[in-house]
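Step one of this worksheet: look at the structure below.
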Amino acid sequence: DVVLTQSPVSLAVTLGQAASISCRASQSLVHRDGNTYLSWFQQRAGQSPRRLIYQISIRDSGVPDRFSGSASGSDFTLRISRVEADDVAVYYCVQGTEWVTFGGGTRVDIK
Amino acid sequence: QVQLRESGPRLVRPSQTLSITCVVSGDTVSRKGVTWNWIRQSSSRGLEWLGRTYFNSYWYNDNHPSVRSRVTMNGDASQNQFTLQVTSVTEGDTAVYFCARGGGKTGTELDSWGPGIRVTVSS
């Protein structure tokens with residue numbers, strides 16, 4: 001299985017400040033079709049995961065542009081540019097290049 | 112807009128079979144190029160993909176090796192739903208079970224999820 005290691009496990013951010021979450025893959029996520037199937041999901045308490053970003057950096061419809069994704073090799077980053085109270089959640093990276101596996105999650109709280 | 116909703120018993124006895132149905136609206140389970148996935152979430156194992164079913168002239172399944180011998184997935188175009196069965200359950204199968212639609216070229220881009228159903232395995 002592809003292992004996704006997220007860091008940090010949790011972080012507390014001041015409202016309006018930026019937050020970054022890292023996700024490292026145990027192997028390349030470049031598919032033979034040339035795409036990289038790495039997504040980011042947000043899971044608020046008591047809800048199902050909601051996809052924010054797919055293929056590293058493409059935002060889903062309705063996702064604020066405060067959320068952005070990037071990559072460097074097998075290291076992926078989700079950045080929230082100006083954290084709002086509504087962003088309190090657990091964030092997961094998910095790969096779909098070799099079946100589907102999930103990162104362990106990063107909890108974002110407000111400081 | 113696609114919507115998915117899981118239903119089934121919340122409590123299952125050990126060694127019995129867990130069975131969950133996912134009813135789909137706003138999309139068709141027999142549409143080619145789309146997969147229908149099962150994922151579970153527990154505090155001990157986090158989020159775990161169990162497998163998927165999809166239609167391409169016939170119904171196909173891809174199950175994760177960790178549960179392959181115990182998991183069956185089926186699609187039902189007449190009811191526009193798909194089902195998950197896990198046999199010989201133990202307390203380790205206690206989790207919230209989600210169904211999700213998969214899209215993209217690989218069918219692994221999980222773009223829409225149901226709200227989930229919490230299933231407890233206990234005697």
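As given, the protein sequences belong to chains E and Y, one line each in that order.
Each residue of the first sequence is one higher than the one before, starting from 1 at the first, in the working numbering.
Each residue of the second sequence is one higher than the one before, starting from 112 at the first, in the working numbering.
Beta carbons are placed, not taken as given, at the ideal position from N, Cα and C, and that holds for glycine.
Query: Chain-ordered neighbours of P226 of chain Y on chain E, where CB pairs are closer than 8 Å; Result: Q47 and S48
Query: Identity of the residues DSSP links to E159 of chain Y by a beta bridge; Result: Y:R151
Query: Cross-strand partners of G186 of chain Y (DSSP beta bridge); Result: Y:F193
Query: Cβ neighbour criterion (16 or more within 10 Å) applied to I58 of chain E; Result: exposed
Query: Stretch pair the region 185-192 of chain Y + the region 8-18 of chain E: three plus CB contacts closer than 8 Å; Result: no
Query: Closest Cα partner of Q127 of chain Y within the set Y:G225, Y:V182, Y:T219 and Y:R156; Result: Y:V182
Query: Neighbour-count burial assignment, S39 of chain E, 16 or more Cβ in a 10 Å radius; Result: buried
Query: Top-ranked residue by Cα proximity to S132 of chain Y, from Y:H175, Y:I228 and Y:N167; Result: Note that residue 132 of chain Y is Thr in the sequence shown here, rather than Ser. Cα-wise, what sits closest to T132 of chain Y is Y:I228.
Query: Cβ of L195 of chain Y within 8 Å of any chain E Cβ; Result: no
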